[in-house]
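Using the working numbering, the letters of the sequence shown map in sequence onto residues 5 to 431.
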Amino acid sequence: MEHQTQEGDGWGQIISEGVLGGDWRLRPHQRLRPPRRIEGEKTRMGDENLPHQISGEEVECEDGDETLDKRRLRPEESRLPPLAYGPCSPEEFEFRPSTNHRPLSDAPQPSPRNLAQGPRPGCRVDEALRRRGAEGIPKGDTELRLRIYYVTYPSKHPWGSDFAAMNLRRYSRHEVIPVEVGDVRRCSGGVVHLHNVQLAKRIDLEGLRRRNRAVIGGVRGWIGLERMRDRLGEFDAIAVNVDPRLQIEVRRLHERVYETPVGVDTELFKPRRRRVDDFIVLWVGSDHKRFKNAHLLPKLGFPYRKATYRNYIPHEEMPEFYAGGSVLVNLSEHEGFCRPILEAAACGLPVVSSDVGVARRILDDEWIVEGSPRRNLGRFRELLIRLRDNPELRVEVGRENRLRALEFDWRRITPIYDDMWEEVAGG
């Protein structure tokens with residue numbers, strides 16, 4: 005197999021111009037748009053983006069000697085004080101690990117001393133913030149601040165629900181408390197937001213509504229919708245992803261529906277100098293799920309790297325993974341949002357994708373393959389060949405993707421959640 009060598013990566017000029025260099029700033033509460041009820045009908049198909057792990061494997065090519073650099077990033081030690089929980093006192097929200105609670109392997113385990121100080125559910129997210137040295141925005145008046153319990157999946161490593169909780173906690177003007185689903189029975193007096201409506205299978209939803217001001221369920225894709233279709237009426241409101249046809253279907257089942265996009269940390273996911281000169285295709289997803297079509301990658305005819313469920317890559321190292329490739333390809337039959345498209349775009353990487361999730365919000369139509377990827381694999385191959393043979397085009401497409409991804413920065417997306425929580429809490 006022949007591969008064309010790229011002459012330089014072209015990022016030096018772009019970064020020096022300040023277009024993609026991370027100099028972009030935004031006021032904490034500047035909103036992208038107010039929360040809106042879904043009213044007008046639109047057309048497009050999408051589906052599930054259930055939280056999944058991302059991992060790394062060696063590049064698969066003929067010479068076999070190119071491997072993914074496993075260097076771990078070493079963020080500066082945070083000098084921030086521990087994050088406060090505002091009106092939620094340790095006595096009011098006692099910490100008792102659930103049977104499903106599995107902290108991060110590299111996070112310190114609770115000791116008897118700090119247990120006495122009252123750790124709260126969601127300490128995994130707090131620990132991730134401290135390791136990143138992430139500084140949140142100043143909170144407002146305690147009396148005007150809502151208490152938001154953001155319910156996440158139990159896991160050994162952070163999932164998509166944890167990334168959302170971490171950034172919402174960082175930028176929200178309210179007090180966002182990440183809670184694993186096993187600890188949700190101790191939520192009281194606030195607004196409960198289930199990252200995915202399927203979490204309701206594990207909890208007493210009726211009792212949760214009695215103890216709190218409101219319960220919101222997140223519809224992340226078509227699979228979750230089909231599994232929980234008959235129970236959507238049990239929620240006070242539904243938060244749905246960006247897919248228009250998914251929104252239309254949810255609106256038929258519930259009268260109070262809000263669009264809540266997933267965001268991206270554009271300070272973490274930003275363009276970096278490419279570490280390889282060969283044309284490498286990247287793929288991210290759960291390769292054990294048939295609809296992701298990971299089995300089609302060898303048929304594209306290019307060397308590729310995969311970030312999959314089986315071998316975990318820490319979230320903060322994913323920008324290095326994206327820097328090790330030339331283009332991201334998404335072959336999914338359906339997605340609810342498809343976070344890898346947004347992350348790769350924020351890193352200034354060109355993306356070739358099927359028509360799912362957030363693709364239409366980020367990519368130009370020419371880089372979106374309509375119809376089933378299994379039947380249109382030749383079209384994917386044509387677009388990849390075009391990018392391989394034109395390094396300048398890769399730089400230009402990556403620049404445009406980065407600029408569009410900035411619209412999904414968590415600092416712009418979080419006010420959408422804030423306004424939704426306030427409206428739902430007010431009845």
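All residues carry an ideal CB built from backbone N, CA and C; glycine is no exception.
Under the 8 Å Cβ criterion, the region 337-354 counts as touching the region 276-296, having at least three qualifying pairs.
Taking C-beta separations shorter than 7 Å and ignoring five residues to either side along the sequence, the partners of Phe306 in its chain run Phe283, Val285, Leu388, following chain order. Burial is judged here by how many other beta carbons sit within 10 angstroms of a residue's own beta carbon; Pro354 has at least 16 and is buried.
Asp422 places its beta carbon 7 Å or farther from that of Ser165. Counting only unbroken stretches of 4 or more residues, the alpha helix (DSSP H) elements lying wholly within the region 242-288 are 248-257, in sequence order.
With contacts defined as CB atoms closer than 7 Å, Val196 and Val223 fail to qualify as a contacting pair. Classified as exposed, Glu396 has fewer than 16 neighbouring CB atoms from the shown chains inside 10 Å of its CB.
Under DSSP, no beta-bridge partner is assigned to Gly328. Shown here, Thr418 sits in a helix according to DSSP, grouped into three states. As computed with DSSP, Val333 is found in a beta bridge with Val356.
Per DSSP, reduced to three states, the secondary structure at Gly186 is helical. Bridge partners of Lys310 according to DSSP: Trp287. The criterion of a C-beta distance shorter than 7 Å is satisfied by Val362 and Val246. In this structure, Val201 sits away from Met170, with a CB-CB distance that is not shorter than 7 Å. With 16 or more other Cβ atoms inside 10 Å of its own Cβ, Lys310 counts as buried. The beta carbons of Leu229 and Leu250 sit about 7 Å from each other, so the pair counts as a contact at 8 Å. Between the region 360-379 and the region 403-419 there are three or more inter-stretch CB-CB distances shorter than 8 Å, so the stretches are counted as touching.
Membership of Leu391 in the alpha helix (DSSP H) is indicated by the continuous run 381-392. With contacts defined as CB atoms closer than 7 Å, Thr264 and Asp413 fail to qualify as a contacting pair. Cα atoms of Lys303 and Arg378: separation of roughly 10 Å, rounded to the nearest angstrom. For Arg277, the closest of Val266, Ala327, Glu320 by C-alpha to C-alpha distance is Ala327. When only Cα atoms are considered, Phe239 and Phe341 end up about 22 Å apart. Bounds of the alpha helix (DSSP H) holding Arg408 are 395-409. Within the same chain, no residue comes within 6 Å of Met322 by CB-CB distance, once the 5 residues on both sides are set aside. Under the three-state reduction of DSSP, His292 is assigned to coil, being neither helix nor strand. Cβ-Cβ separation between Tyr157 and Trp163: approximately 5 Å, consistent with a contact (criterion under 8 Å).
Ser336 is the residue among Val268, Val401, Pro248, Ser336 whose C-alpha sits nearest the C-alpha of Ser290. Between the alpha carbons of Ser376 and His292 lies a gap of roughly 18 Å. Just so you know, the alpha carbons of Glu404 and Gly352 end up roughly 8 Å apart. The beta carbon of Leu172 lies closer than 7 Å to those of Tyr154, Val180, Thr418, Tyr421 in the same chain, with the five residues before and after it left out. With fewer than 16 other CB atoms across the displayed protein chains lying within 10 angstroms of its CB, Lys205 is exposed. Leu381 and Ala243 have their C-alpha atoms spaced approximately 34 Å apart. Put simply, the backbone Cα of Leu203 is about 10 Å away from that of Gly186. Distances from the alpha-carbon of Gly267 to those of Arg235, Arg415, Leu212 put Arg415 closest.
Around the beta carbon of Arg343, a 10 Å sphere encloses 16 or more other beta carbons of the protein chains shown; the residue is thus reported as buried.
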